[in-house]
Amino acid sequence: MTQGPSADPGVIDLLGLLAYAELGSFFRLADDAGLAPTLRAKGQLAALAATEQAHYQALRDRLEELGADPEEAMAPFVAPLDAWQERTEPQSWLESLVKTYVGDGIAGDFYARVAGLADDETRVLVEGVLAETGRAEFVAETVRGALEEDPKLSGRLSLWARRLVGEALSQAQAVAVQRPELAKLLAGGDRGAESSSGVGDLAAVSRMFASLTEGHSGRLRAMGLAD
1054 MTQGPSADPG VIDLLGLLAY AELGSFFRLA DDAGLAPTLR AKGQLAALAA TEQAHYQALR
1114 DRLEELGADP EEAMAPFVAP LDAWQERTEP QSWLESLVKT YVGDGIAGDF YARVAGLADD
1174 ETRVLVEGVL AETGRAEFVA ETVRGALEED PKLSGRLSLW ARRLVGEALS QAQAVAVQRP
1234 ELAKLLAGGD RGAESSSGVG DLAAVSRMFA SLTEGHSGRL RAMGLAD
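This is the structure in structure tokens:
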């Protein structure tokens, strides 16, 4: 395994961002499990929360292998991720499930693309963390069932999903502006003259973020919601 503190700062940022996101997912899923209306849902969400905690630990381990302090690596992302959570506070258990599916889906697309630009060991780790754990199927099935019982929920949940995407992309772009090494990684290693000022990197980042909405329509359809 790669050792030492000379790892790409963009990779350290990526792992720190993902680690804190996984920690947050653990707490959200644990909360959702406690609020779930059935024992089946409680058990499934508790299992998903346990998986997120295991992912968090794997990312911490990798940061330590690279010579980075996990808490220091996560620290720059605490405020922006917490701010996104506060701005997108669900008002119901169903809204919380939609937030998990849509928000984590967009984030997963983002992490997967960035990981493809990192070293092989980081790419394999991130792909493992993002591997499907059954969450998508559970959320989609649950939301579809709720819509069958009350079709009027569709409009409200569709609007909620669109808001989540906008907030997620806005926050992700803000993080890229604040973390230039991460922006360089996102830009795919372009080191042209324009990139040296950060302008080229941020333009490439903006294009990449715009393309992340491609999977959104499919997620809405899976839940029975309108785009």
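Mapping to this note's numbering: the sequence shown position 80 is 1133, numbers consecutive.
Glycine residues also receive a C-beta, built at the ideal position from the N, C-alpha and C atoms.
- Taking a C-beta distance under 7 Å as the contact criterion, V1167 and L1112 do not qualify as a contact pair.
- At least 7 Å separates the beta-carbon of R1272 from that of V1177.
- At the C-beta level, A1099 and A1107 stay beyond 7 Å of one another.
- Residue range L1206 to Q1231 is occupied by the alpha helix (DSSP H) that includes S1223.
- At a Cβ-Cβ threshold of 7 Å, I1159 and A1072 do not count as neighbours.
- A Cβ-Cβ contact shorter than 7 Å links E1105 with S1078.
- Of the candidates Q1231, R1197 and E1201, the residue whose Cα lies closest to the Cα of R1274 is R1197.
- Burial check for R1093: the Cβ neighbour count within 10 Å stays below 16, so the residue is exposed.
- Under the rule that a run must span 4 or more residues, the alpha helix (DSSP H) segments found entirely inside the region 1059–1114 read 1062–1088.
- Beyond the five residues adjoining it in sequence on each side, V1064 comes within less than 8 Å, by CB distance, of L1119, A1171, D1172, T1175 and L1238 in the same chain, given in chain order.
- Judged by DSSP in its simplified three-state form, Q1138 adopts helix.
- Looking at the backbone, the Cα of A1279 and that of L1212 are separated by about 9 Å.
- Note that the C-beta distance between G1069 and A1126 is below 7 Å.
- One Cα belongs to T1091, the other to W1146, and the distance between them is close to 12 Å.
- Counted as a single uninterrupted DSSP element, the alpha helix (DSSP H) harbouring G1198 occupies residues R1188 to E1202.
- With a threshold of 16 other beta carbon atoms within 10 Å, Q1097 meets it and is buried.
- The DSSP-derived three-state label of A1121 is coil.
- If you check the CB distance, E1234 and D1066 come in under 7 Å.
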